[in-house]
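S.K.: The opening position of the sequence shown corresponds to residue 35 in the working numbering, with each subsequent residue numbered one higher. The C-beta atom is built at its ideal place from N, Cα and C for all residues, glycine as well. Remember, it's a predicted structure, so these values are computed and weren't measured experimentally.
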Amino acid sequence: MSVLLDHPANLLAYRSSKPTAMVVVADPRVRDAVIRHLWALGVRDVVGTSTIAEARSRAGTPRDLCIADVHLPDGSGLALLTEMRACGWPNGLALSAADDIGAVRSALAAGVRGYVVTGARAGLTPGHARQASMTGMAGMSAAQRLRPDHNGTDPTSGCRELSAREIEVLRLVAEGRSNKAIGQAMGLSALTVKSHLARIARKMGTGDRAGMVALALRAGIIS
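This is the structure in structure tokens:
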């Protein structure tokens, strides 16, 4: 699964001058892959660091974008991105190898512009890291649905069509429960839960569980 709430190219496209960035990732393979992709996007001034302490030492000179791994050797990358934003860094992108909807929720609450789930670290080559972390894989539709469409359509409008039961199903999905666990909590069969999710997907315009939750959080129908 991959969740991408915004794309690096979109975060940097508005800059008329040469954009700058800092990448805070402990794994040198992943860090180098992300830096290479930023170069491909036209970012020539990129600083690579591996710890929060290193990043903080450079916080006094804001850059256009800070990309930080959620789990760093000396603390939380999400907390770091919040600090950097307070120091005047306009854009933050969180990177994680774990599929954790709780972390996605925390990232949104902290004002992080993007969140990317890359998959397991084991065996992750620089090429795979570059593809997974920065292109968003199949989950990129979530990014487009978190912002208004070009025609002005509200991406969360489908949330208003959800029934109370469907909203409850979404709330349990946000807690990371499986269809079977949701069914047990609501006194339904797993097949009925699957049917509810299919109807939710049609109304919300996405069948991706994380995408559904992100839209519901944005609309304020779950918390």
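Would you decide whether Trp73 is buried or exposed? Buried here means 16 or more other CB atoms lie within 10 Å of its CB.
M.R.: Along the sequence shown, read from residue 1 onward, the residue named residue 73 stands at position 39. Exposed: under 16 other Cβ atoms inside 10 Å.
S.K.: In chain order, what residues of the same chain lie with their CB nearer than 7 angstroms to the CB of Ile256, ignoring the 5 residues before and after it?
M.R.: As a first step, residue 256 must be located in the sequence shown, where it is residue number 222. Once the five neighbours on either side are set aside, the close Cβ partners of Ile256 are Ile201, Leu204, Arg205, Ala208 and Ala250.
S.K.: Mapping the DSSP letters down to three states, classify His184 as helix, strand or coil.
M.R.: Taking the first residue of the sequence shown as 1, we reach residue 184 at position 150. Note on His184: pLDDT 43, under 50, position unreliable in the model; no value is reported.
S.K.: If you follow the alpha helix (DSSP H) that Ala253 is part of, which residue opens it and which one closes it?
M.R.: Counting from 1 along the sequence shown, the entry for residue 253 is found at position 219. Arg243 to Ala253 is the span of the alpha helix (DSSP H), which, as asked, contains Ala253.
S.K.: Determine the DSSP secondary structure at Thr116, reduced to helix, strand or coil.
M.R.: Taking the sequence shown and counting its residues from 1, one reaches residue 116 at position 82. Helix.
S.K.: DSSP three-state call for Asp79: helix, strand or coil?
M.R.: Reading the sequence shown from its first residue, position 45 is the one you call residue 79. Here Asp79 sits in strand by DSSP.
S.K.: Considering only the alpha carbon of each residue, which of His71, Gly126 and Met238 lies closest to Glu195?
M.R.: Indexing the sequence shown from 1 puts residue 195 at position 161. The shortest C-alpha separation from Glu195 is found at Met238.
S.K.: Determine the extent of the beta strand (DSSP E) in which Gly126 is found, giving its start and end residues.
M.R.: The residue you call residue 126 lines up with position 92 of the sequence shown. Looking at the DSSP string, the run of the beta strand (DSSP E) that includes Gly126 is Asn125 to Ser130.
S.K.: According to DSSP, is Cys121 part of a helix, a strand, or is it coil?
M.R.: By 1-based counting over the sequence shown, the position of residue 121 is 87. If DSSP states are grouped into helix, strand and coil, Cys121 belongs with coil.
S.K.: Using CA coordinates, which residue listed in Thr190, Ile234 and Met56 is at the minimum distance from Leu114?
M.R.: Walking along the sequence shown from the start, residue 114 turns up at place 80. Of Thr190, Ile234 and Met56, the residue nearest in Cα terms is Met56.
S.K.: Which value, in whole angstroms, describes the spacing of the CA atoms of Val80 and Arg211?
M.R.: Within the sequence shown, the letter at position 46 stands for residue 80. Within the sequence shown, the letter at position 177 stands for residue 211. Taking the straight line from one Cα to the other gives about 39 angstroms.
S.K.: Do Asn125 and Leu99 count as a contact pair if the criterion is CB distance below 7 angstroms?
M.R.: As a working note, residue 99 is residue 65 in the sequence shown. As a working note, residue 125 is residue 91 in the sequence shown. Going by C-beta atoms, Leu99 is nearer than 7 angstroms to Asn125.
S.K.: Can you pull the DSSP bridge partners for Met100?
M.R.: Taking the sequence shown and counting its residues from 1, one reaches residue 100 at position 66. Inspection of the sequence shows that residue 100 is occupied by Cys rather than by Met. Met56 and Gly126, per the DSSP bridge assignment.
S.K.: If we call anything under 7 angstroms between Cβ atoms a contact, is Ala227 one with Ile234?
M.R.: On the sequence shown, position 193 is the one that residue 227 refers to. On the sequence shown, position 200 is the one that residue 234 refers to. It should be pointed out that residue 227 corresponds to Val in this sequence rather than to Ala. Against a cut-off of 7 angstroms, the Cβ pair of Ile234 and Val227 comes out as no contact.
S.K.: For Leu72, which three-state DSSP category applies?
M.R.: By one-based count along the sequence shown, residue 72 stands at place 38. Of the three classes helix, strand and coil, the one that applies to Leu72 here is helix, per DSSP.
S.K.: Which class does Ser223 belong to by DSSP, given the choice of helix, strand or coil?
M.R.: Taking the sequence shown and counting its residues from 1, one reaches residue 223 at position 189. Note: Ser223 maps to coil in three-state DSSP.
S.K.: From this set, Gln218, Val58 and Gly221, which residue's C-alpha is nearest Leu127's C-alpha?
M.R.: Here residue 127 corresponds to residue number 93 of the sequence shown, with the count starting at 1. Out of Gln218, Val58 and Gly221, Val58 has the C-alpha closest to the C-alpha of Leu127.
S.K.: Helix, strand or coil for Leu204 per DSSP?
M.R.: For this step, residue 204 is matched to residue 170 along the sequence shown. The answer is helix: DSSP assigns Leu204 an H, G or I state.
S.K.: For Ala172, does the three-state DSSP call read helix, strand or coil?
M.R.: Residue 172 sits at position 138 when you count from the first residue of the sequence shown. Note that Ala172 scores a pLDDT of 31, beneath 50, so its modelled location is shaky; the value from the coordinates is reported in the next line. Reduced to three states, the DSSP call for Ala172 is helix.
S.K.: Where does Thr95 land, buried or exposed, given buried means 16+ other C-beta within 10 angstroms?
M.R.: Along the sequence shown, one-based indexing puts residue 95 at 61. So Thr95 ends up on the exposed side.
S.K.: Could you check if Ser130 is buried or exposed, using at least 16 other CB atoms within 10 Å of its CB as the buried criterion?
M.R.: On the sequence shown, position 96 is the one that residue 130 refers to. When all chains shown are included, Ser130 counts as buried.
S.K.: Considering only the beta carbon of each residue, do Thr190 and Ala253 sit closer than 7 angstroms?
M.R.: Counting from one through the sequence shown, the residue named residue 190 turns up at place 156. Counting from one through the sequence shown, the residue named residue 253 turns up at place 219. The answer is yes: Cβ separation under 7 angstroms.
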